[in-house]
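Report on one structure; see the data block that follows.
In mature numbering (1 follows the signal peptide of the UniProt record, and there is no 0), the protein residues as written are -21 to -1, 1 to 304.
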């Protein structure tokens, strides 16, 4: 009887062992921004939970790393980010942790668009100066401010294309299989199911815009080129708002002329930008001010966040048309 009990105990230990080992060796994943974190969560569901680096309301262009963030990155097995054109302040720490970084902008088959400089009407003539990263010490970063300038002519808002989201899924899948081959079957299954969800999402968005096109609109900054291109819509242009510097009389006049020329119905702002400077224009012109949330700030992180964010973008854009119909 005692021998039987020992065998049963040993058997139960052996049965539990693979699960314990799997949990112990599951990779630690840190993801920079919410939309990419959501995509990653779908692939790793049931295996490991990725950590989101940037908090809600933080701009990836200006976010400053705290010691706690640096610790997360140092302890991670995989760091997923868009690239230096997006998460400006990650560039230095990524350079120190190249082996664990997945730079999505570098994925070979990803569709990369060029920044539309002709569509940026440069309404602000006094932007915050670009910092000199290479000549400043790390402890000085807390006192820096950044504008929306990019390191190259590539548009970094790649996740706003559903087709790119599918390629991003593949890029993350390939890296996870390389990093954690023990869970290849699970990763592949999750990615396959998510690709189907993304196909459905694209069909839904395409149907919405086929039925209703947005009225002429302006955005605060030109983040939506991928979305516009994929679904056949187009903004009149962008207004680069510097939250630290008020709009000049010249800039206000320029905006008003654009509104009149193109019969603009709506101006879209984003959660991380202040729209107070535009209130004089809105009150005089009778325009509608609406929010576009391209970082998923208004959505709960994790599963479904990306899809909800993209659907919300379409709802807000179509709302401009509906409000004047």
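Ideal Cβ placement from N, Cα and C applies to all residues, glycine included.
Given the structure is predicted, the values throughout are model-derived calculations rather than measurements.
When C-beta atoms of the segment 4 to 19 are compared with those of the segment 56 to 66, three or more pairs fall below 8 Å, so the two segments count as touching.
Under the three-state reduction of DSSP output, residue 284 falls in the helix class.
In the three-state DSSP reduction, residue 267 falls in the strand class (E or B).
Contact check for residue 269 and residue 245: beta-carbon distance about 5 Å, within the 8 Å limit, so the pair qualifies. In this structure residue 33 touches residue 11 by the C-beta definition: roughly 6 Å separates them, less than 8 Å. Shown here, residue 299 sits in a helix according to DSSP, grouped into three states. Within the same chain, and ignoring the five residues on either side of residue 55 in sequence, the residues whose Cβ sits closer than 7 Å to its Cβ are 7, 8, 9, 79. Rounded to the nearest angstrom, the Cβ distance from residue 94 to residue 143 is 16 Å, too far for a contact under 8 Å. Looking at the DSSP output, residue 245 shares a beta bridge with 196, 267.
For residue 149, the uninterrupted alpha helix (DSSP H) run begins and ends at 141 to 158, by DSSP. Counting every other CB atom within 10 Å of its CB across the protein chains shown gives residue 83 a total of 16 or more, marking it as buried. Nearest neighbour of residue 242 by Cα position, chosen from 255, 31, 230, 267, turns out to be 267. In the DSSP assignment, the residues bridged to residue 30 are 9.
Straight through space, the alpha carbons of residue 141 and residue 181 are spaced by roughly 6 Å. Counting along the chain, residue 82 sits inside the beta strand (DSSP E) bounded by residues 80 to 82. Residues of the same chain with a CB within less than 7 Å of the CB of residue 156, apart from the 5 flanking positions on each side, are 163, 166 in chain order.
Setting aside the 5 residues that flank it on each side, residue 202 is surrounded in the same chain by 136, 273, each with a C-beta closer than 6 Å to its C-beta; the list follows chain order. Here the alpha carbon of residue 149 sits roughly 18 Å from the alpha carbon of residue 28. Rounded to the nearest whole angstrom, the C-alpha separation of residue 287 and residue 278 is 7 Å. Across the set 197, 296, 177, 74, the C-alpha of 177 shows the shortest separation from the C-alpha of residue 146. The beta carbon of residue 174 sits closer than 7 Å to the beta carbons of 145, 148 from its chain, once the five residues preceding and following it are set aside; these are given in chain order. Per DSSP, residue 59 is one residue of the beta strand (DSSP E) stretching across 57 to 60. Each residue's CA atom was taken as its position, placing residue 53 and residue 30 some 13 Å apart. Minimum Cα-Cα distance from residue 73 among the listed residues 49, 40, 188, 294 corresponds to 49. Under the three-state reduction of DSSP, residue 88 is assigned to coil, being neither helix nor strand. Straight through space, the alpha carbons of residue 96 and residue 217 are spaced by roughly 10 Å. CA-CA distance, residue 275 to residue 138, rounds to 11 Å.
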